Every structure is written in structure tokens, then in C-alpha cells.
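See structure below.
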Amino acid sequence: MADAELDLLQGTLDVMILKSLSWGPMHGFGIAKWIRQTTDGVLQIEDSALYPALHRLAHRALVDADWALTENNRRAKYYTLTTKGRQQLRSRVQAWEKYSAAVAQVVRATAAPV
Amino acid sequence: MRAFRFWRRDIGAEVDDEIAFHVDARADELVSSGLSRDEARARAIADFGDVDRARRMLRHLDEQHARSTARREVFADLWQDVRVAARSLARAPGFVAVVTLTLALGIGLNTAVYSIVDAYLFRPLPVPFGKELVVLAQSDPALSAPHEMSYPNYLDFRRDTAVFSELSAYTLDEVNVSGSHGAQRVMVQDVTANFFPMLGLRPAVGRLLQPGDDDGELAHPYIVLSYAFWQSHFGGDPAAIGDTIRVNNHPVTIIGVTPAGFEGTDGLLAIEAFTAINQTWPSYGAKLQDRGSGGFNVIGRLRPGLSLGAARAAVAAKTATLEREYPANNRGITMHLVPETRARPNVAISENVPIIAAAFMSLVLLVLVVASANVASLLLARATARLREQAIRSALGASRWRLARHAVIECLLLAGAGGAGALVLANVAVRALTTIRIAADVPLRWRIAVDHRVIAFTLAIVVGTALLAAIAPLLATRRTNLTDTLKSGGRGASGGHQRLRGVLVVSQLAVCVTIVVCAALFARSAANASRVDPGFRTDHILIATAQLGTQGYDSVRGARFEREIERRIAALPGVRSAALARYTPFGYNNDIESVLPESPTAPIPENGIGSFNNVVTPSYFETMRIPIAEGRGFDERDNESARKVAIVTRAMARRIWPGQSALGKRFRITKDGPVMEIVGVTGDIQYFSLGETPKPFLFRPYAQWYHSSFTITIHASVDPASLAGAVRAAVASLDPTLPVFDVRSFDEHIRSGRALLGTRLGAAFSAAFGGLALLLAAVGLYGLLSYAVAQRTREIGIRVALGAHTSTVVRLVVRQGLTMVAVGAAIGLAITFGVTRLLTALLFGVAPRDPVILGGVVAILLAVGVVASMVPAVRAARVDPLTALRAE
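Protein chains in written order, with my numbering: chain A, 166 to 279; chain B, 571 to 1458.
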């Protein structure tokens, strides 16, 4: 049970990271902040869980990592969505929408089982 | 390149920096929402979670990833190199073919020779305790070569030394075996009962001999068959176990079969069956108690963990005791304890075998080195032609290491192809070797095979060759400053090695002359030999041998049998005439008698005239078409009770009674033997070796000199080999237990027997080596000239630009080639004059310095030289002056 939850969380986290990068390159802190703001703090994602996910995505070549300077002239590691990452995001979003629609249909159902 | 940056980057620092930035950025955010710096920092760290754990995890992830990336890139690089090398080789198919063939021949020769050396020297016997076997042999003042010992001495070593787990004695014997499967001559190893336990061998079927099976005399008449013999003569039928067959016409029970692949422990003979000592007829009788007689081979297994040195000391101590206790028979004996693999093919001569093997291996390795040198020279030519390309690649950042790796990979690919070709060639060669027949029904152990050990050896050679061939061009290009090369238009490369390569090629050409001359001499000899007239008929003759002695015939029954078998065979359809003889001309069995004449008219040595002789029935002269020049042949009158008569050849008559008729002359063959009167004189015959000058020879009548073994000699009106079955059947109709062996046509007897085997093998081997030498020399010359042309491309371009004609350029290159051929041929002929004199014994009908052969070989060499020079010459002629000079 715990593993399945983790898998779901992991998969969800990957999608959220990829989505956050769809607007352009971003460092880890920016990604964490975007997720926090976008979900209104509903999803409490620990930063210490975010980074391993980011690095794994980089190893799978879904994102590129490179050091660059921030607006405040500080060195930060920026992540950029690769072509492969963009494709992955698209297919994962589609799958997610299908899944959530199905779950929504079920939870809002009015007819009893025949 | 990226891999290196990735690898060297400090993963730990990056992870730390990334986390630090996050914490700082978060803290900044919190400060701007109103927290104090310290509070903000503490919150940020708390929000982050377990920082240490995250750091460890990230580092681990990144390091793992870096490692696998680096690994992948190395393989990708290597694969890339292999593909580049393969592509660049594919563009030069002629070059690849020549190099592959050269290496295949060079390596193949090594593989073939190694497979023989391995089979005879390295591979232990195929038995569980094969590696632990030792051979014990005796030498003494009478015979200094290690040899067999007496049975009592063997027993003493077995009983009184603690160094052997088992010590076994055996003799080898050919026996007559008969039963429902027919009658055969069989090679038997007659062993002590502990023989099979000593080897650790388990039966394939039934049981093997076991302790107790050699107790008493003729008490355990058992026989164990070898797997091969069981298959070939009993169809592998398990029901044969328990059958009674006859060994030397005495009943013996088959008790079991040895495992497949086991052929006894003799180094040369393949054993077909095993019996226990003193248990089959004829038994040893008193010989087993006689310390004065020898004849027992001894093989054993040392106690586990005991060193050979310790065992030798114990054996030496026991030997000293034996010498002291039995001085009459053991004075001056020395015992030799050697590992079984060091006692092959026979302990008497095995001491020199590793030296001979090493000499052979060095010789063929030398051939490989020469082949590699030729290949290196070809590679060098190729490298020189590509020097500009290399310089450009180097300028574009390809490291020297990368270029070197390229060369090595190219060589490995070539050597790999050569190695594959070598295994095929070695297989062919080994198969050809194993088909050599010696025209004698002796089961030779001749099991050479290209197996995994040989393949491993070949692989090692392949890698060695590749490196060897790759190093030369590498060194040459290393010495060249690539930048200078680029500037000067690719002339580069060293010229100092050129002379060394020239010497190498010239010596190859010289050796080539010698070997090819030998090959031609052998070939001519073999051709001449088949036309030699030995003084008797050799066509349409069939010979077949049988031995009555061990079958229990006495002289009366034997003589009756021999008369009857001659009569029956003479009556067979397709037989013109048949005779019996004790010996066969050019055979392995011969007898020399001393002729002591009563009244010679020429000086005769005191010991008489040594003379080969034969004992024959009257029809022998007609059958073999030996003309009676004077007097008469043998006939019915010359029987046992009549006076002893003889027939001599003209050479004998001339030697002892020159100027007189030998008819009526008398002689003895032993000082107190019977006097014989000469009743006839025949034409001269060659007897011992084909092509010899006929020597004095003597015939005696069979009826007066009974012998228990005989060779039936048949003159056939049909193909003689087709009569073999009828002859066997005729013998079986008289005695089904009597095996007939060495059945073959006289032509085959000459071809594969003692007469011509040496010459034919000499012809075959020198032809093979001659072809190899010719090919290697051609490749060497070709490589050298190709290199020279590649180096002189610019010079040739200038010549052409200045109006030199194509033919001038071709002549330029061909002249260089033919000069080397001429020098090589001259040196080769000088060597040949020295070497061929040693071959005189194997040659006939041809002089060692036959001018036609010498001239022909030089002509062949010149032709090969022209062909080898033409390819680079034509390439030189095609040099486009513009391309060649544009580099300036």
C-alpha cells in the first residue's frame, strides 16, 4: 500500500516538475515555489524529495541541468525541459486527465450498480 | 569528450551548492515576509527536510549516473573505432585479402604444429588420473636408453617403495582374435590387474580387469575391449559381454569395454584390447620369475602430494638395494622416473622430443614472424599513403592515442580474420596429416585434433600477431613529426628501416628458392620412382599375410596348411598364379643372412657376404616375373628330404664367382649349417629400397625351410584389391580362427610403404612449405614495393610532370623488384647446393643439382617477382602529377 502511494506520488511529482518547466528554464527552488503556490499549499512536497526526483529526470534525459546566474547574480542550477521531456509531459498529462475524469465520474455517479 | 568532463566534475560540491542555493533563496523569501535572518534560515532548513540524507542520496544518484555514462561512452567509442576500421578496410579488399591470407597461412601453420605438439606432449592421457601418471624405466650397461625391466624388479619396486599409489606393468602384443565376428590381428596391452584402478578408469560396459585377475597362470582368461574395437567389430552390442572368443585360438571371455577415447597407454600404438598378464596363451611361464629377462613396461601413479624429486630419491635407494642383492642381473642399472607426458612417444627417445618440438615450434614461429613482418610492411605502405589523412585528423584534435588505437583495432580485425582462416587451414592440414597411411596393419595412435586448447593457442597468437604487426607502422609514424608531414605534403616516414626490410625480403626469396627446389626434387623423385623397374612385377600383385605360430600349428600341420592354402588360392577365379614367401620386397620385415661360399673366386670377408634373402614356393618366380637366367627354379624335387638347394641373383654370382657360372656352387649360411647347392641364377632385383643398385640376394625353397608365418603373393588378372575378400574367405575355409592381415596391392605397398612413404611425404611437405614460402616472399616483395611507391609518390609525380612515360615509371618499380629477386635467387641457389646433398638418400632418378629444376625454380621466382611488382608499379604509373604536386 505504501509503495503504491509512493509510486503515485513519484509519478505525480514528475508530472508537476515537467509542467513547471514548460514555461522555461527554472531552478529547483523556483520549481518548489511554483508547486507550492499553484496548489495553494495543498500538496505538501518536501524539498528533500523534490531534488532526487529532479536528478532522476535529468539522468533520464527528460530535463537538462546547467549552472547559470539568477537575476540576483547568484549561481543556481537551472533545469530545462528537453524534447523528450516535453513529449513525456504531454503523454503523462493526457493519461492523468483520463484517469481523473474516470475517477470523477465514479465518485459523482448517481446510479446504483445493477 | 563530455565523458571526461562529467567524470572529473566534483559531484559532491555541485550537490552542496544546489542545496545551499535553495536554502538561501528560501531564507531570503522568508526574510522579505518579515522574519529575522536567523529565524528565516532555521525555517528554511527545517522546511527542506533531512538535508544530510538528501545530500547523500543526490550524491549517490549522480555518481551512479556518471559511472554508467562513462562506461557507455567508452564502449560507444570503441564500437565507433571498430566501425571506422571495418569501413576503411572494406575500401581496400585486395589489401585485406593479401593480409588475411598471409596471416592465415602463418598462424595456421603454427596452429597445426601446435595441435601435434599438444597431442603428443601436453595433453595428459584421457583418464581420471592422467596428470599423475609416471613411467618407470631402466637403463643398464647393455642399453643406455631407458627401456623395459624384468618382472621381479618391477614387483620389488611395487612392493618395497612407498611412493606409488599403484604401480602397473604391461607388455604389448599382437594376437590373433577370432569368434563369430571373424578373425583379426589385434594389438593387445597385457597388463597387471591393478592397471585400471591405477588409471581410475570405469568401464563403459561390463567390468574392467580388477585386482586378483592376474593370479595364477591362465586362470583368468578374460579380455577387455577398447570402445573403438567394440564398436567396429561387435557393433557396440552390450550382449557381447560374456561371450567367449578365441585369442591365439584359446577361449577367452569378454568381460567389459573401456570408455570411449581410451586407447591404452602406449605413445604410438592404439590398443584394441586388454588382457591380464599370464592369463592368455601363450603365458609367460618362468619369465615372470627371471630377473635376467626384461620386457615389462612400468607405469604408475605417485602417492598424492608426493613430489617427483622425493619419489626419485626413494626409487634410487631401492635401485641401489636391488643392485646389491642381485648383482648378476642388476649390475649398473639406473632407474628413470618421468611424468607420463615426458615419456612419449617412447621413454627410450622421449628425452629429445621436447627439444625437437621446441625446434619445430620456433621454426614455425619464425615463419609467423616473417609473415607478420610482411604484413607490417603492407600496413606501413598503407599508413604512409594515409599519412596526410592522419596528419589532418591529428590537427583536428584526434589524439595520438586515438590514432594508435585505430591502428591496433585495424590489425586486430585483420588478425582475427587471419585467425579464423588459420583454424580452417589447420583443420585441413591436420585432417591431411591423419590420413597418412603407412601400409602396415598397425593401429597407430594418431589423434590430432583442433580442439579448445588449440583454439586458445590460436587466439593468443592472433593477439600477439596483431600487436606485432601494428607496432611497426606506429613506430614509423611516431618518429614522423605530423606537423612537418602536413607541411611537406606527406613525404615523411623513415627511410632507415627500408634497408632492413630489403634484407628481410631478400632472405625470404632465398629460403623460398631452397624449399621450392627441394619440393621439385621430391616431386620428380616420386614420379621417377613409379616408373622404376625393380626387376620384378609390381602391377596386378596382391599380398596378404598370416601367422600360424601363435595359433598352435606345429611344423607338420603348418606345412600341410601352407601347401593347401597356396593350392586353393591359385584356383580362385581372377588368380593367374599364387606363391608363398616369407618376406616381401620393400617391406618392414627383412632378414640378412651371411653367405659363406665353399670355393669363391673372389676375396670374401671372413663373416661371409651379408645378403637379404627370401624363402619362397616354386611358383614365386613366375608370380613375380623374376626371370631365371641360368639353371632352374624350385620344383617338387626340392622337398624336406632332398639335398638343400638355393637360387641366387646375378649380383650374388658376380660377387662370389666372377667369370664363372654359379650353378652347382655350394655355400652355407651359418658356419655349422647345412650346405646348399645353387641350382639357378635369376635376374637382379631391388629389394630393400626402390631404385637401389641391386645387391647380392638369395632364395631358399619353402619346403626345405618351414616358417610359421607367410605372405601370400598373388598375380591377378583382375584388379588385385578386388581379390582381398576371396583370399580371406579361402583362408577362413581352412581355419576360421586365423586372421589374414596386411592385405593390399603391391602398388599400394610401394606407394604407402617403406619404399616411397618418405619421398612422398617429403614431396607433400616441401610442396606445402614451398607454396607457403613463395606466397610469403611474394607478399613481402609486394609490401616493400608498395611502401616504396607510396613514399615516392611526389618524386614519381615530378617525373611524370617532366614527361616521363608510363612504361618508364613501371620499369622503375619492376626493376627494383627484380633486382631483389635476382639477389635472393643467387643466395638461395648457394644455400640449395649445400642442402640438397643431404637429400640424396630420398631422391632417385634426379640429380640434386638438376639444371632444369634449378632453372625452372628461378624462372618461377622471377615470374612471381614480376607479378608482385606489377601491382605497385601500375599504381605508380597512375600517379596524377597534379595531385601529387598540389601538396607543395
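Each residue gets a CB set at the ideal place from its N, CA and C atoms; glycine is no exception. All values reported here derive from a predicted model rather than from experimental measurement.
Cβ separation of residue i and residue j, assumed to be a contact under 8 Å, to the nearest whole Å
i, j, result
"GLU1080 (chain B)", "GLY1394 (chain B)", "The question names Glu, but residue 1080 (chain B) is Ala in the sequence shown. Rounded, the Cβ-Cβ distance is 5 Å, consistent with contact."
"LEU838 (chain B)", "LEU691 (chain B)", "About 14 Å separates the two Cβ atoms, so there is no contact after all."
"VAL588 (chain B)", "LYS242 (chain A)", "Residue 588 (chain B) is actually Glu in this sequence, not Val. With a Cβ gap of about 5 Å, GLU588 (chain B) and LYS242 (chain A) count as contacting."
"LEU1112 (chain B)", "SER1315 (chain B)", "6 Å"
"GLN1274 (chain B)", "ASP1205 (chain B)", "Not confirmed; about 12 Å, so no contact."
"ILE1366 (chain B)", "VAL1379 (chain B)", "6 Å"
"VAL1313 (chain B)", "ALA1114 (chain B)", "4 Å"
"ALA616 (chain B)", "ARG596 (chain B)", "The Cβ separation is near 10 Å, so there is no contact."
"PHE213 (chain A)", "PHE618 (chain B)", "For the record, residue 213 (chain A) in the displayed sequence is Ser; it is not Phe. Indeed they touch by this definition, with Cβ atoms about 6 Å apart."
"VAL756 (chain B)", "PHE844 (chain B)", "At roughly 11 Å, the Cβ-Cβ gap does not stay under 8 Å, so VAL756 (chain B) and PHE844 (chain B) are not in contact."
"ALA230 (chain A)", "TYR244 (chain A)", "5 Å"
"ALA1438 (chain B)", "LEU1345 (chain B)", "10 Å between Cβ atoms; not a contact."
"VAL1083 (chain B)", "THR1402 (chain B)", "6 Å"
Contacts that residue i makes with chain A (C-beta to C-beta distance below 9 Å)
i, result
"PHE591 (chain B)", "HIS192, GLY193, PHE194, THR235, ARG239, ARG240, ALA241 and LYS242"
"ARG596 (chain B)", "PHE194, ALA197, LYS198 and ASP212"
"ARG623 (chain B)", "SER213"
"ASP587 (chain B)", "TRP232, ARG240, ALA241 and LYS242"
Under 7 Å by beta carbon: chain A residues contacting residue i
i, result
"ALA1030 (chain B)", "Within 7 Å Cβ-Cβ: nothing; ALA1030 (chain B) doesn't reach chain A, min ~41 Å."
"ASP580 (chain B)", "In chain order: nothing, as chain A lies at least about 13 Å away."
Chain-ordered chain E contacts of residue i [CB-CB under 7 Å]
i, result
"ARG626 (chain B)", "Reference to chain E is not applicable here, since the protein chains of this structure are A and B."
Interface residues of chain A facing residue i [CB-CB closer than 8 Å]
i, result
"LEU631 (chain B)", "PRO217, HIS220, ARG221 and HIS224"
Heavy atom of the ligand SAM within 7 Å of residue i beta-carbon
i, result
"ARG975 (chain B)", "Looking at this structure, you won't find the ligand SAM or any other ligand, since it has none at all."
Legend entry - Interfacial residues, the stretch 610-621 of chain B to chain A, with Cβ spacing under 8 Å: ASP617, PHE618, GLY619, ASP620 and VAL621
Legend entry - Segment contact, 8 Å Cβ cut-off, at least three pairs: the stretch 1299-1316 of chain B with the stretch 1331-1342 of chain B: no
Legend entry - Sequence ranges, beta strand (DSSP E) only - wholly within the stretch 1219-1306 of chain B, length at least 3: 1236-1238, 1246-1252, 1267-1271 and 1279-1286
Legend entry - Touch test, the stretch 204-220 of chain A against the stretch 252-269 of chain A, Cβ-Cβ under 8 Å, three pairs minimum: no
Inset, instruction - Taking 8 Å as the threshold, find out whether the stretch 675-690 of chain B comes into contact with the stretch 867-881 of chain B through three or more Cβ pairs. - result: no
Inset, instruction - Inspect the CB distances between the stretch 856-874 of chain B and the stretch 790-804 of chain B and report whether three or more fall short of 8 Å. - result: no
Inset, instruction - Entirely within the stretch 1134-1179 of chain B and at least 4 residues each: give me those alpha helix (DSSP H) ranges in chain order. - result: none
Legend entry - Three CB pairs or more closer than 8 Å across the stretch 1195-1202 of chain B and the stretch 1242-1262 of chain B: yes
Legend entry - Cβ pair count under 8 Å reaching 3, the stretch 975-992 of chain B against the stretch 664-673 of chain B: yes
Legend entry - Three or more C-beta pairs below 8 Å linking the stretch 1088-1102 of chain B and the stretch 1408-1428 of chain B: yes
Inset, instruction - Mind checking the stretch 635-661 of chain B against chain A and listing, in chain order, the residues whose C-beta falls within less than 7 Å of any C-beta there? - result: HIS635
Legend entry - Uninterrupted alpha helix (DSSP H) stretches inside the stretch 182-245 of chain A (no shorter than 4 residues): 193-203 and 212-224
Inset, instruction - Jot down the residue ranges of each uninterrupted alpha helix (DSSP H) in the stretch 778-810 of chain B, minimum 4 residues, whole runs only, in chain order. - result: 797-804
Legend entry - Meets three-Cβ-pair contact criterion under 8 Å: the stretch 1082-1089 of chain B and the stretch 1427-1445 of chain B: yes
Inset, instruction - May I have a chain-ordered list of the alpha helix (DSSP H) segments no shorter than 4 residues that lie completely inside the stretch 645-712 of chain B? - result: 663-687
Inset, instruction - Answer yes if the stretch 1262-1272 of chain B comes into contact with the stretch 1217-1224 of chain B, meaning at least three C-beta pairs across the two stretches below 8 Å, and no otherwise. - result: yes
Inset, instruction - At 4 residues or longer, and completely inside the stretch 1342-1387 of chain B: list those alpha helix (DSSP H) runs for me, N to C. - result: 1363-1371
Legend entry - Complete runs of the beta strand (DSSP E) confined to the stretch 808-838 of chain B [at least 3 residues]: 814-817 and 820-827
Inset, instruction - Decide if the stretch 928-942 of chain B is in contact with the stretch 745-754 of chain B; the criterion is three or more beta carbon pairs, one per stretch, under 8 Å apart. - result: no
Inset, instruction - Please determine if the stretch 807-824 of chain B and the stretch 722-730 of chain B are in contact, where contact requires at least 3 C-beta pairs separated by less than 8 Å. - result: no
Inset, instruction - Only counting runs of 4 or more residues, tell me where the alpha helix (DSSP H) segments fall wholly within the stretch 854-939 of chain B, in order along the chain. - result: 878-895 and 897-900
Legend entry - Stretch-stretch touch, CB-based, cutoff 8 Å, three pairs: the stretch 846-858 of chain B with the stretch 776-790 of chain B: yes
Legend entry - Three CB pairs or more closer than 8 Å across the stretch 1183-1190 of chain B and the stretch 1141-1153 of chain B: yes
Inset, instruction - Answer yes if the stretch 1121-1141 of chain B comes into contact with the stretch 1281-1289 of chain B, meaning at least three C-beta pairs across the two stretches below 8 Å, and no otherwise. - result: yes
Inset, instruction - Determine, using beta-carbon pairs with one atom in the stretch 897-914 of chain B and one in the stretch 701-717 of chain B, whether at least three such pairs fall under 8 Å. - result: yes
Legend entry - 4 or more residues per run - each alpha helix (DSSP H) lying fully within the stretch 940-1025 of chain B: 957-965 and 970-1004
Legend entry - Touching by the beta-carbon criterion (3+ pairs, under 8 Å), the stretch 639-652 of chain B and the stretch 950-969 of chain B: no
Inset, instruction - Kindly confirm or deny that the stretch 817-824 of chain B and the stretch 762-774 of chain B touch, where touching means at least three C-beta pairs closer than 8 Å. - result: no
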